[in-house]
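Everything below concerns the one structure shown next.
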Amino acid sequence: MASNGKMVKDITAMDEDFAKWYTDIVKKAELIEYTSVKGCMVIRPYGYAIWENMQRILDGMFKETGHENVCMPMFIPESLLQKEKDHVEGFAPEVAWVTHGGSEKLEERLCVRPTSETLFCEHYANIIHSHRDLPKLYNQWVSVVRWEKTTRPFLRSREFLWQEGHTIHATANEAIEETERMLNVYADFCENYLAMPVIKGKKTESDKFAGAVSTYAIEALMHDGKALQAGTSHYFGDGFAKAFSIQYTNKENKQEYPHQTSWGVTTRLIGAIIMTHGDDNGLVLPPAVAPTQLVIIPIASHKPGVIEKAEELEARIKNICRVKTDKSDQSPGWKFAEYEMKGVPLRLEIGPKDIENNQCVIVRRDNREKYFVSLDELERKIPELLAEVHKGLYEKALSNRENRTYACTSIEEIKKVLAEKGDGFIKAMWCEDEACEDKVKEETGAGSRCMPLDQEFISDKCVCCGKPAKKLVYWGKAY
RNA sequence: CGAGGUGUGGCUCAGUUUGGUAGAGCACUACGUUCGGGACGUAGGGGCCGCAGGUUCAAAUCCUGUCACCUCGACCA
């Protein structure tokens with residue numbers, strides 16, 4: 010029982026308060042516990058159950074798109090990591106090295122995987138010989154390690170859980186299609202299961218994944234106005250294939266280099282949920298991934314018949330939602346606060362008065378709306394309310410994003426908007442010159458987030474240099 | 001790695017200026033009364049005051065060193 014006291018003040022306040030609010034939730038909702046290894050966290054059962062639900066849903070989506078799960082080693086020999094130049098340059102600063110096996114020094118040190126492209130490539134080189142061997146559509150659920158300097162639970166930890174999809178195709182087009190397909194799967198997942206609206210877009214050249222030809226991402230806006238990259242999908246071209254000598258014989262009996270992709274989402278999505286839906290009373294979980302979707306709280310449970318009725322209801326509704334009954338001897342008020350802190354979407358109160366009237370009280374977590382529901386109606390009403398909670402969360406998040414998205418046509422305007430209205434997404438045109446991209450970030454603090462797939466026209470001039478603009482870019486401060 | 005800050009029961013902190021028996025609230029344990037928004041009473045358990053030296057009759061408090069963590073920069077799913 011970790012929860013105690015009230016939440017830390019207004020979440021819309023300054024950065025520092027927001028950070029405090031966030032770390033408060035991860036502790037009090039019993040999502041994580043810190044460890045003696047800096048930047049590494051224990052994901053507690055409640056937090057892990059959220060991840061398990063995400064895994065189950067995503068895995069189903071991956072199977073539907075024809076992907077198979079595999080498992081690569083945790084260690085990458087240094088020579089293997091170094092085969093692709095851009096890739097190693099991007100990751101070298103943040104990898105952890107294994108230098109000893111037992112008491113003996115290793116001849117070649119091994120890095121703890123920060124991502125597994127190189128391992129997949131080595132494997133592809135072994136198994137791909139003919140066009141008949143393509144495509145290969147793989148995915149793995151593992152943890153990776155990146156030796157970050159500053160860390161924050163779920164958003165940036167030194168070890169984190171993720172899924173990484175890796176695919177290899179005969180043609181560039183097929184690989185590009187795969188890259189876009191998986192980006193859409195992620196967007197679908199975020200919007201329809203996590204109730205979190207996202208912007209689908211392409212990263213700028215300077216913001217690409219190390220070794221990629223192009224990187225796509227979904228970007229979400231947290232309710233403090235900062236952007237969070239919620240998932241990425243990369244197209245590699247044949248760069249890795251060349252570096253790792255992956256070749257196949259095509260139908261004309263010629264040697265060809267295949268084209269690759271990779272894509273991933275991480276436990277960072279849990280952080281995204283906290284910062285998208287959470288409020289002053291704690292966590293708010295989207296029903297699709299909530300470990301408990303409905304908690305039954307008996308009122309005056311010492312009185313005859315109350316516990317029995319609660320148990321009876323639990324048995325009845327356990328087939329239609331994930332339900333739990335709290336029979337502990339805490340006071341009802343304590344329990345209300347506790348399950349609000351933990352973000353349980355629906356609360357069902359059942360007490361002597363209700364039993365007398367053959368009804369119960371159901372309260373929504375997202376807006377605290379109260380419903381008196383006849384006990385005969387539960388099977389119909391509960392799924393309906395869960396769907397409404399999802400809808401309510403999505404709409405609230407969407408309107409927050411819309412209210413915090415500003416179209417600007419000059420650096421001065423960006424500065425003014427950010428100063429007057431606070432952080433958010435800035436929509437502005439760009440000439441595709443990296444110098445302008447850097448200058449906008451330097452002067453306003455807002456970096457380029459992505460070039461949305463749905464391009465809009467705001468002006469024909471670059472927000473920075475005034476030369477002809479080529480792309481609409483979303484800019485923002487990011488986690 | 002640069003700049004600031006903080007280390008005192010599980011948590012949040014007071015006490016440090018001016019050295020003199022280690023404190024509070026919450027949490028925890030037991031029993032009883034409660035129960036529709038974080039209940040109440042009674043009794044209890046839990047500390048080398050981050051660590052190491054020094055000054056002193058006496059150090060959480062003063063001095064020196066050291067370590068850890070946090071915030072802000074730079075880097076990042």
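Going by the working numbering, the first sequence wraps up at 488, each residue one higher than the last. Don't be surprised by glycine CBs; every beta carbon is placed ideally from N, CA and C.
- In this chain, the beta strand (DSSP E) harbouring G246 covers A236 to G246.
- Of the residues assessed, E93 falls on the buried side of the cut-off, its CB having 16 or more other CB atoms within 10 angstroms.
- Around the beta-carbon of D233, 16 or more other beta-carbon atoms lie within 10 Å, marking it buried.
- Taking every protein chain shown into account, the CB of C471 has 16 or more other CB atoms within 10 angstroms, so this residue is buried.
- Distance from E228 to Y483 at the Cβ level is roughly 6 Å; contact confirmed, criterion being Cβ atoms closer than 8 Å.
- For T275, the uninterrupted beta strand (DSSP E) run begins and ends at H268 to T275, by DSSP.
- DSSP, reduced to helix, strand and coil, places C130 within a helical segment of the structure shown.
- Shown here, T188 sits in a helix according to DSSP, grouped into three states.
- In this structure, the straight-line span from the alpha carbon of K37 to that of E446 is close to 40 Å.
- Taking the Cα of Y266 as reference, the smallest distance to any Cα among K260, G273, I255 and S223 is reached at I255.
- In the same chain as V35, and ignoring 5 residues on each side of it, the C-beta atoms closer than 6 Å to its own belong to I41 and P162, in chain order.
- Judged by DSSP secondary structure, G475 falls outside any alpha helix (DSSP H); it is assigned neither H nor E.
- Below 8 Å, too few C-beta pairs join the stretch 295-304 and the stretch 166-184 to call them touching: fewer than three.
- Straight-line spacing of the CA atoms in E126 and M70 works out to 22 Å.
- Taking a C-beta distance under 8 Å as the contact criterion, A236 and L230 qualify as a contact pair.
- In this structure, the alpha-carbon of E386 lies about 27 Å from that of S340.
- Between C120 and V107, the alpha-carbon positions lie close to 6 Å from each other.
- In the DSSP assignment, Y380 is bridged to I371.
- If the five residues before and after D142 are omitted, its C-beta is found closer than 8 Å to the C-beta atoms of I136 and Y257, all from its own chain and listed in chain order.
- In the DSSP assignment, Y403 falls within the unbroken alpha helix (DSSP H) covering L387 to N412.
- Annotation: A297 is outside any beta strand (DSSP E) and is labelled neither H nor E by DSSP.
- A contact is defined here as three or more CB-CB pairs under 8 Å, and the stretch 368-375 meets this definition with respect to the stretch 348-357.
- DSSP lists no bridge partner for W156.
- The straight-line gap separating the alpha-carbon atoms of C49 and E347 is approximately 26 Å.
- A direct Cα-to-Cα measurement between K476 and I59 gives close to 48 Å.
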